[in-house]
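Below: one structure, written as structure tokens.
Number of protein chains: 2
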Amino acid sequence: MRAAVYHGPGDVRVEDRERPTIAAPTDAVVRVTHTAVCGSDLWFYRGERDREVGSAVGHEPMGVVEAVGDEVRSVDVGDRVFAPFLASCGACEFCRKGLHTSCVNGASWGGANGGAQGEYVRSPHADGTLVRVPDRHADDEATLRALLPLTDVMGTGHHAVVSAGVTAGATCVVFGDGAVGLCSVLAARRLGAERIVAVGHHADRLELAAEFGATETVLARGEAAVERTRELTDGGANHVAECVGGAALDDAVAAARPGGTVGYVGVPTEPFDVGAAFSKNVALRGGIAPVRAYADELMADVLGGTLDPSPVFTHTVALEDVPEGYRLMDEREAIKVLVEV
Amino acid sequence: MRAAVYHGPGDVRVEDRERPTIAAPTDAVVRVTHTAVCGSDLWFYRGERDREVGSAVGHEPMGVVEAVGDEVRSVDVGDRVFAPFLASCGACEFCRKGLHTSCVNGASWGGANGGAQGEYVRSPHADGTLVRVPDRHADDEATLRALLPLTDVMGTGHHAVVSAGVTAGATCVVFGDGAVGLCSVLAARRLGAERIVAVGHHADRLELAAEFGATETVLARGEAAVERTRELTDGGANHVAECVGGAALDDAVAAARPGGTVGYVGVPTEPFDVGAAFSKNVALRGGIAPVRAYADELMADVLGGTLDPSPVFTHTVALEDVPEGYRLMDEREAIKVLVEV
Numbered sequence: 183m184r185a186a187v188y189h190g191p192g193d194v195r196v197e198d199r200e201r202p203t204i205a206a207p208t209d210a211v212v213r214v215t216h217t218a219v220c221g222s223d224l225w226f227y228r229g230e231r232d233r234e235v236g237s238a239v240g241h242e243p244m245g246v247v248e249a250v251g252d253e254v255r256s257v258d259v260g261d262r263v264f265a266p267f268l269a270s271c272g273a274c275e276f277c278r279k280g281l282h283t284s285c286v287n288g289a290s291w292g293g294a295n296g297g298a299q300g301e302y303v304r305s306p307h308a309d310g311t312l313v314r315v316p317d318r319h320a321d322d323e324a325t326l327r328a329l330l331p332l333t334d335v336m337g338t339g340h341h342a343v344v345s346a347g348v349t350a351g352a353t354c355v356v357f358g359d360g361a362v363g364l365c366s367v368l369a370a371r372r373l374g375a376e377r378i379v380a381v382g383h384h385a386d387r388l389e390l391a392a393e394f395g396a397t398e399t400v401l402a403r404g405e406a407a408v409e410r411t412r413e414l415t416d417g418g419a420n421h422v423a424e425c426v427g428g429a430a431l432d433d434a435v436a437a438a439r440p441g442g443t444v445g446y447v448g449v450p451t452e453p454f455d456v457g458a459a460f461s462k463n464v465a466l467r468g469g470i471a472p473v474r475a476y477a478d479e480l481m482a483d484v485l486g487g488t489l490d491p492s493p494v495f496t497h498t499v500a501l502e503d504v505p506e507g508y509r510l511m512d513e514r515e516a517i518k519v520l521v522e523v
Numbered sequence: 183m184r185a186a187v188y189h190g191p192g193d194v195r196v197e198d199r200e201r202p203t204i205a206a207p208t209d210a211v212v213r214v215t216h217t218a219v220c221g222s223d224l225w226f227y228r229g230e231r232d233r234e235v236g237s238a239v240g241h242e243p244m245g246v247v248e249a250v251g252d253e254v255r256s257v258d259v260g261d262r263v264f265a266p267f268l269a270s271c272g273a274c275e276f277c278r279k280g281l282h283t284s285c286v287n288g289a290s291w292g293g294a295n296g297g298a299q300g301e302y303v304r305s306p307h308a309d310g311t312l313v314r315v316p317d318r319h320a321d322d323e324a325t326l327r328a329l330l331p332l333t334d335v336m337g338t339g340h341h342a343v344v345s346a347g348v349t350a351g352a353t354c355v356v357f358g359d360g361a362v363g364l365c366s367v368l369a370a371r372r373l374g375a376e377r378i379v380a381v382g383h384h385a386d387r388l389e390l391a392a393e394f395g396a397t398e399t400v401l402a403r404g405e406a407a408v409e410r411t412r413e414l415t416d417g418g419a420n421h422v423a424e425c426v427g428g429a430a431l432d433d434a435v436a437a438a439r440p441g442g443t444v445g446y447v448g449v450p451t452e453p454f455d456v457g458a459a460f461s462k463n464v465a466l467r468g469g470i471a472p473v474r475a476y477a478d479e480l481m482a483d484v485l486g487g488t489l490d491p492s493p494v495f496t497h498t499v500a501l502e503d504v505p506e507g508y509r510l511m512d513e514r515e516a517i518k519v520l521v522e523v
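Top line first, the protein sequences correspond to chains A and B. My numbering puts the first residue of the first sequence at 183, with every later residue one more than the last. My numbering puts the first residue of the second sequence at 183, with every later residue one more than the last.
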């Protein structure tokens, strides 16, 4: 089969690889039809995080079940499915409480499972991992494009606002105008937020944020962004979704109202000044998003026509053009790249 | 009047000072009868935090109202009262939501208000700040000693476990065997925690923790403490109260179960590795404790005989001996020192 493989910073190639097969009775093999390039793929692409040379890449698979192990019960050959960026068993303590990212049987894409930016992947714990798309929607291209973000960015954006405690009537500030930040705006609107202030530094992306439901946008970064959001919210918001990572967590805390909550999904890389949160009792909730926990409820809304994150896919490439997809993401020409396999 | 005054690290003296008087119609003047030396007083005593030389010290006042301004309605001359470590108006947005430490009219003890380790203090916003002890309990010495910790350490320990989400049946780990950690154990028991693991490094204080309700104690620090608590809780507790400060926040996160909550009241001084919280979705809640919010409910239990934090007062000194009280605290001979004024 053909699959995208990491060869070093800035060097992703599409090559022939061995096709994964059923190894355990709980496995399924999925023929990938749609996948995506993720902002987090840029970490290794930019050399900011180590990755084994020769490893298959991609972690947002959608496709059709090709084979199932003997113990798989929830999906069968021919089913349209998608899967989160991590596999999970669905049955352990943490999966049962909706924290699939802490699954005691959890597994990653890549390695012997194959990467999602390839023709086939093996899904460990298929019953827990794969989300089946109902047959009547299984071949509708627009629906599939709207469901694909549920593998990662839509579930992650949703986790940010859920963690921030957003409920109907809330005022919420969203830091970040990448795919996750934009999905966070969608998720906040879906939860009934009354005011959604989107903060970013790309005018075109903030336009999309407004289409997604942001009632106000702030085109600024760092201190200027904090100052403007504090003005707009009379001293800070009770709910702040942090979808950037790095030092943005400090900005999010600064933009929070005393007693408020920051829901964070951006990966923290900088030392964080917890003293600022301490002095005004701002809670920090969130972390790596258990998107599997949210897949069913978000899919119901996509299928019902009330949720459509597909506009984050500003560009589409074929599998052979995945390297171009990385370039588009790296140079910020694309918000997110869809890959047709 | 006589009052304790800061003269530099290791140098607190009792001197003659001008007695505070009513300055605003919302003020009250309180003749202090009981106060305490606090672990946080050691920050300036040890030179770890700057403080103005010549400033009056002490922030845990209990006494009898001596005078009230024209607009004061909730207390009158002769009432027995106590007050939290910060004054608050009781009427602003943040006081109304129970976050008195973010009061927009908040004020500190010391300065022109006088320090609580002195014969008189002026309470700004007396209606919001002062807690009146019902007359029938107003002169019972044992009751007053049990109420005095509500000015700071008992409310702070309570805030830690409330922030950690402790409810009936919970398993809770408490980091810290100082007065706040011990009060946190009491608070966890009061909230119905089923298992309370107290972590500290003083055998005698852990004995008191056991008397206060700890079901298990761990005599260890740092990594060894984390390892033992994780063993005891099968991989981490859903509720961790952090009552130490500094680097203990990292230990508290390490001892938390994926998806759990750390309630922290220890003042963070070290860079905090938020990545550890991110990877397992451990929430951080807490901060400087709004002890005024908890004073009435905790007082009800003290007066009802079901709550008694007074054993944290291992030593009692007279006002003239406040310097000795600091020494006892600094050398860890005392858990907490009560001052009879």
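Ideal Cβ placement from N, Cα and C applies to all residues, glycine included.
- A straight-line Cα-Cα distance of about 20 Å links A:Gly417 and A:Thr349.
- In the structure shown, A:Glu389 falls within a helical segment according to DSSP collapsed to helix, strand and coil.
- A distance below 7 Å separates the beta carbons of A:Ala471 and A:Gly337.
- One finds nothing in chain A with a Cβ atom closer than 9 Å to the Cβ of B:Ser366; even the nearest lies about 16 Å away.
- Contact check for B:Thr498 against B:Ala516 fails: the beta carbons are separated by 7 Å or more.
- Take B:Glu275, set aside five residues on each side of it, and the residues of its chain with a beta-carbon closer than 8 Å to its own are Val286, in chain order.
- Secondary structure within the region 215-288 of chain B: the alpha helix (DSSP H) runs of 4 or more consecutive residues, fully enclosed, are 223-227 and 275-278 (chain order).
- Look at B:His383 here: in three-state DSSP terms it is coil, with no helix or strand label.
- At least 7 Å separates the CB of A:Asn287 from every CB of chain B.
- A straight-line Cα-Cα distance of about 37 Å links A:Val426 and B:Leu414.
- The C-beta separation of B:Ala465 from A:Ala465 comes to about 6 Å, placing the pair in contact by the 8 Å criterion.
- The Cβ atoms of B:Arg377 and B:Thr353 sit closer than 7 Å to each other.
- A direct Cα-to-Cα measurement between B:Glu405 and B:Pro493 gives close to 29 Å.
- Against A:Leu281, the close residues of chain B are Pro440, Gly441, Lys462 and Asn463, in the order they occur along the chain (beta-carbon pairs closer than 9 Å).
- Taking the Cα of A:Val343 as reference, the smallest distance to any Cα among A:Glu393, A:Arg412 and A:Glu424 is reached at A:Glu424.
- Taking C-alpha positions only, A:Arg228 is separated from B:Gly296 by approximately 58 Å.
- Only those residues of the region 461-494 of chain B whose C-beta falls short of 9 Å from the nearest C-beta of chain A are listed: Ser461, Lys462, Asn463, Val464, Ala465, Leu466, Arg467, Gly468, Gly469, Ile470, Ala471 and Pro472.
- Between B:Val456 and chain A, the shortest Cβ-Cβ separation is below 7 Å.
- A:Phe226 is outside the set of residues whose beta carbon lies under 7 Å from a beta carbon in chain B.
- In the structure shown, A:Pro191 falls within a coil segment according to DSSP collapsed to helix, strand and coil.
- Annotation: the continuous beta strand (DSSP E) that includes B:Arg304 extends over Tyr302 to Ser305.
- It is roughly 36 Å from the alpha-carbon of B:His421 to the alpha-carbon of B:Arg262.
- Looking at the DSSP output, A:Cys354 bridges to A:Ile378 and A:His421.
- Per DSSP, B:Leu480 has no beta bridge partner at all.
- Sequence-distant partners of B:Gly363 (beyond 5 residues in either direction) whose C-beta falls short of 6 Å from its own C-beta, in its chain, are Val356 and Cys425.
- Contact between A:His383 and A:Ala402 holds, with the beta-carbon distance rounding to 7 Å and staying under 8 Å.
- DSSP places B:Arg467 inside the beta strand (DSSP E), whose first and last residues are Ala465 to Gly468.
- Here the C-alpha atom of A:Leu501 lies approximately 14 Å from the C-alpha atom of A:Arg509.
- Less than 7 Å divides the Cβ of A:Gly360 from the Cβ of A:Gly221.
- Against chain B, the beta carbon of A:Pro453 has neighbours under 7 Å at Pro453, listed in chain order.
- The C-beta of A:Arg278 has fewer than 16 other C-beta atoms within 10 Å across all chains shown, which makes the residue exposed.
- Contact between the region 455-463 of chain B and the region 441-452 of chain A is established, with three or more Cβ pairs separated by less than 8 Å.
- In this structure, DSSP gives B:Val348 a state outside helix and strand, which the three-state scheme calls coil.
- In the three-state reduction of the DSSP assignment, A:Arg184 falls in the strand class, which pools E and B.
- What A:Pro505 touches in chain B, judged by beta-carbon distance under 8 Å, is nothing: the nearest beta carbon there is about 30 Å away.
- For the region 250-279 of chain A, the beta-carbon criterion of a distance under 8 Å to any beta-carbon of chain B is satisfied by Phe276 and Lys279.
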